[in-house]
Amino acid sequence: MPETETLARDQVIDVLKTIYDPEIPVNIYDLGLIYDLQITGWDVAIKMTLTAVGCPIGPYVAEEIRNKLQSVGANTVAVDFVWSPPWTPDRLSEDGRMALQSLGYPV
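The C-terminal position of the sequence shown is numbered 165 in the working numbering, with every residue numbered one higher than the one before it.
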């Protein structure tokens with residue numbers, strides 16, 4: 059039996075920060091790919107995007123999110139991809155921006 063009645067938002071974010079875009083060496087949270095995060099008890103609903111429409115990694119990323127969140131106690135994990143607004147480098151967190159800059163990306 060869980061000690062709390064809900065999965066902690068910080069815990070979910072920590073998990074999302076362990077999932078990386080395979081082509082960009084920054085996690086999906088700091089890349090700004092997560093548009094919405096809802097937690098209801100032990101169920102998680104995520105709306106996210108990818109850096110480009112038609113990027114083939116979507117199913118892989120969604121499955122990794124589901125697996126990792128379920129490993130920390132989430133019951134249902136819904137990952138929905140949205141394309142509006144489109145992703146731009148403006149969505150990068152400060153950590154994401156610094157990581158890319160350290161690799162020579164002009165962001």
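Virtual Cβ for every residue (Gly too), placed ideally from N, Cα, C.
Here the structure is a predicted model, which is why all the values come from computation and not from measurement.
- In this structure, the CA atom of L158 is about 28 Å from the CA atom of A66.
- For the options G162, Y78 and P143, the alpha carbon positioned closest to that of T107 is the one of P143.
- Comparing alpha-carbon positions, the option among I86, P80, T64 and E63 lying closest to V137 turns out to be I86.
- For A66, no beta strand (DSSP E) run applies, since DSSP gives it neither H nor E.
- Sorting W100, R149, D79 and L161 by C-alpha distance to the C-alpha of V130 places W100 at the top.
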